[in-house]
Structure formats: structure tokens, C-alpha cells
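To convert, count from 1 in the sequence shown and add 457; that's this note's numbering. Yeah, the Cβ is synthetic: ideal placement off N, Cα and C, and Gly gets one too. Here's the structure we're looking at; comments come further down.
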Amino acid sequence: MSQPDRNSKGQLSIVGIGPAGARWMCDPAKEALQEAQVVCGYRTYIDLIRDILTPQQEIVQTGMTRERDRCKAAIDHAVSGKKVALVCSGDPGIYALSGLVFEMLKKRGLDSSKLKVEVIPGIPALSACSALLGAPLVHDFSVISLSDLLTPWELIEKRIEAAALADFVLVFYNPRSKKRRDHLPRALEIVARHRKGSTPVGIVTSGMRPSQEVSVTTLEEIREKGPDAWNIGMQSLVIVGNSQTFIWDGKMITPRGYEV
């Protein structure tokens, strides 16, 4: 295990790049990326920010499901005395890597007295998609990932049931993959026990990117036609309205409760 140099100026910045690269990043995120000696990240996310990186920087790229490798590489480089940026899509603290980094630091005994670590926020997918859809998240909402790689499906179903029963607007991350074809239909079946078929549903794929697709439909229609009708996949976010959400002018709107 690498030992930290007490006199080193190593630093690890966990950087949220938002939904689509430099245009949607905050200034501190851009600065951390430009000042880093080493930039670690998933290939697709590195491609989104490549235009602000330099040939002098060391780029550590890994594929999907290699999250542990990325975090370990970032920590190791920082411990050796380098300025490191670990790239996360959206916000580092929302279904991203800041939690895993801190777990690894705890296991290695690398507290703040031994290594400087900062988390730089980014625009999360739910905020970007909400903006594209109108105003679906103005009142209470629940965010649930439909990926069961790290969470048992039985627990995910319980959370969906509880959130649907409580009339939360529902935000589904990771709604569908090549291996997980049935999770979204099963989730919508649970929601349908507590919502009318006319409940608005928003679907955004690759939000804020050139290939983005934005659709507003209903719970009944998406259940009837199925996810393939909207090409729903891992780059998609699905938002199901609550009992008060309505569609107007092609937008999905959830009232906050003000008198108008």
C-alpha cells in the first residue's frame, strides 16, 4: 500500500462535470480539471471534457464497472504527491464516486491530516432533466435507481412501493440496460397501483447533449407501448408525476401549492 508523503502537496478533487461537459460545469470544476496533473475517469466522461484537458496531463481511463479501479488509481496518484481530478458525471455525491472514495480513504487510514480531498459539485441528471421537462420536481420527490447490481431488487421494489404510496414524484435512474429489460415495466406496474393512468411521465435520454431526446407521455401509455417506444436505456431518466402533476404546453408541471 502506498504511504503518503507528509511533505507532499498531493490533492484529490472529486469533480462533478454535470450532464454534458464544459458548458454545464461550474468554474471550480473547470479549474480543478485544468490544474490537475492526473485526470481519472470513465472513458465516456473523459471524452466529454477532453477539449479542456492538455497534452501534459496524465489521463487514466477505465471502462464501465471499473469504479473501484478508478478510485484506487486516483487515490494512489494523490498519495504520491500529485494533484488529481477524479471525474464524475452529474454530481459526485449522487449515484457517483465520492462515497466510494471516502470508504477507501477510511479503510486506508487516509484522513484529512494525510491527504487533502475536496468534492466539487455538478449539475445532477435529475436537475438537467427536470429543466428540459418543465417543472416536475417543484414538490417532494423520491429518487430511486433501478440497477440491482449493488442493491437487491426486492429492496428496490419496497422503496418504489413506499414512495408511490406516499405520492412522491418518482425519479428513476438507470431505468434499463441490455441485461435489465424488465425492471422499468415492473417498477411502473408498482406505481400504477397508486396512480391514475393519466399521470404524466417524462423521459429524457442524453439530456443536454447533442443527441438528447425529451418526451412527455402518461403512465398508461408507457405501460402500453413499453420502453422500446422511447429507446429508454442507461442514458435515460424517467420521471413519474404525483397525483397533482399535469401536462401543459408540452411541459410536465408539479404544483408547489401556491394560489395562482
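Output the residue ranges of the beta strand (DSSP E) runs that lie fully inside the region 676-709 and measure 3 residues or longer, sorted by chain position. Counting only runs of 3 or more, we get 693-697, 703-705.
Use the C-beta contact count for residue 715: other C-beta atoms within 10 angstroms, 16 or more gives buried, fewer gives exposed. Looking at its Cβ environment, which holds fewer than 16 other Cβ atoms inside 10 Å, residue 715 is exposed.
Can you tell me which of the three DSSP states residue 657 falls into? For residue 657, the secondary structure class from DSSP, reduced to helix, strand or coil, is strand.
Determine the contact status of residue 627 and residue 653, defining contact as a CB-CB distance below 9 Å. no
Under DSSP, the beta strand (DSSP E) around residue 515 begins and ends at which residues? 515-519
Contacting residues, own chain, Cβ-Cβ under 8 Å from residue 540 (five flanking each side not counted): 466, 467, 468, 470, 492, 493, 494, 495
Thinking C-beta only, is residue 633 closer than 9 Å to residue 605? no
Which residues in the same chain as residue 713 place their Cβ atom closer than 7 Å to its Cβ, once the five residues preceding and following it in sequence are excluded? 595, 596
Nearest neighbour of residue 554, chosen from 565, 523, 537 [CA to CA]: 523
Apart from the five residues on each side of it in sequence, which residues of its chain come closer than 6 Å, Cβ to Cβ, to residue 640? 603
Among 658, 513, 678, 586, nearest to residue 704 - alpha-carbon criterion: 658
Given a threshold of 16 other Cβ atoms within 10 Å of its Cβ, counted over all protein chains shown, does residue 699 qualify as buried or as exposed? buried
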